[in-house]
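Undergrad: Quick one: this structure, given as structure tokens, is what I'll be asking you about.
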Amino acid sequence: MCGRYQNKLTLEKLLEILGLDISFYDEIKKRFKKKENIAPADLIISISQVDGKLVLEISNWGIKFKADSPLIFNSRIETIKEKSYWKGLFDKNKCLVPMTGFYEWKKSGKKKIPYKIFLPDEEIFFVPAVSTNINNEKCISLVTTEPNNFMKDIHHRMPVILNKEKVKDFFENKVEDNIDLCKPLNDSVTMEFEEAVL
């Protein structure tokens, strides 16, 4: 799963990486805060495609269908593949969430120790998500998959991780192609972790 993540890039840097003009994002600039510890139910930055162009949006992290229902902040790729409702969201309402790291807790004796996981060779990466509108607000759930060899010792799930070169493909792909894309990060990609204070 992914219950906390980090985005320490400035909005200007994120827009530069994506090739977007900051002048169109005055409202987001007012609301955007780079954070070391982003949690479910927080307002976050997501990336969608509208009329063939990438756009940034403010979204709610987590989907809550009813007041008394649980907050769904992660969606398993296996569920997306098998359940028509979730597959439909991933087809029509897919988006990406930019990150510079994510957090997982590893059990050590009776304690759970938080670790920040990051890619030292990538200044940013992108996690696929499904989205839906609830009460006129965009709500998203991050897509998770099985762990790669690096993550197996830390947690039994991990977010799907795409590099910036895959962003265009993700939005142009058919849903079946994106399901195939949502695999554990290749073990050839360097991952590191460090103990975190949250």
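The sequence shown lines up with residues 647 to 844 when you count with my numbering.
Think of the CB as a built atom: it goes at the ideal place given N, C-alpha and C, for glycine as much as any other residue.
(1) How many whole angstroms separate the CB atoms of Cys785 and Ile726, which I take to be in contact at a CB cut-off of 8 Å?
(2) Spatial neighbours of Ser692 within its chain, please: C-beta separation below 6 Å, excluding the five flanking residues on both sides.
(3) Excluding the five sequence neighbours on either side, which residues of its own chain have a C-beta within less than 7 Å of the C-beta of Leu765, listed in chain order?
(4) Check for me: the beta strand (DSSP E) holding Glu822 runs from which residue to which?
(5) If we ignore side chains and look at the alpha-carbon of each, how far apart do Val821 and Lys756 end up?
(6) Determine the closest residue to Lys752 out of Pro774, Asp714, Glu783 and Phe839, with distance taken between C-alpha atoms.
(7) Entirely within the region 660-716 and at least 4 residues each: give me those alpha helix (DSSP H) ranges in chain order.
(8) Please report the straight-line C-alpha distance between Lys733 and Asn824, rounded to a whole angstrom.
(9) With a threshold of 7 Å on Cβ separation, who are the neighbours of Glu673 within its own chain once the five nearest residues in sequence on each side are excluded?
(10) In angstroms with no decimal places, state the Cα-to-Cα distance between Met745 and Pro760.
(11) In the DSSP assignment, what are the bridge partners of Ala775?
(12) Taking the alpha carbon of Asp737 as the reference point, which residue from Lys758, Lys712, Ser715 and Gln695 has its own alpha carbon closest?
TA: Inspection of the coordinates gives the following:
(1) One-based indexing of the sequence shown puts residue 785 at position 139. One-based indexing of the sequence shown puts residue 726 at position 80. So it is not a contact: roughly 16 Å between Cβ atoms.
(2) The residue given as residue 692 occupies position 46 in the sequence shown. The answer, listed in chain order, is Glu703, Ser705, Cys741, Val743 and Ile786.
(3) By 1-based counting over the sequence shown, the position of residue 765 is 119. Counting only residues of its own chain and dropping the five nearest sequence neighbours on each side, Leu765 has a CB closer than 7 Å to the CB of Phe771, Val835, Thr836 and Met837.
(4) The residue given as residue 822 occupies position 176 in the sequence shown. Unbroken run through Glu822 is the alpha helix (DSSP H), Val821 to Leu827; no beta strand (DSSP E).
(5) Working through the sequence shown from its first residue, we reach residue 821 at position 175. Working through the sequence shown from its first residue, we reach residue 756 at position 110. Taking the straight line from one Cα to the other gives about 42 Å.
(6) Against the sequence shown, residue 752 aligns to sequence position 106. Considering only Pro774, Asp714, Glu783 and Phe839, the residue with the shortest C-alpha distance to Lys752 is Phe839.
(7) 672-677
(8) Residue mapping note: residue 733 aligns to position 87 of the sequence shown, counting from 1. Residue mapping note: residue 824 aligns to position 178 of the sequence shown, counting from 1. Taking the straight line from one Cα to the other gives about 10 Å.
(9) For this step, residue 673 is matched to residue 27 along the sequence shown. Excluding positions up to five away in sequence, the list is empty.
(10) As a working note, residue 745 is residue 99 in the sequence shown. As a working note, residue 760 is residue 114 in the sequence shown. Approximately 17 Å, taken between the alpha carbons.
(11) The residue you call residue 775 lines up with position 129 of the sequence shown. Answer is Cys741 and Leu788.
(12) Counting from 1 along the sequence shown, the entry for residue 737 is found at position 91. Closest option to Asp737, Cα to Cα, is Gln695.
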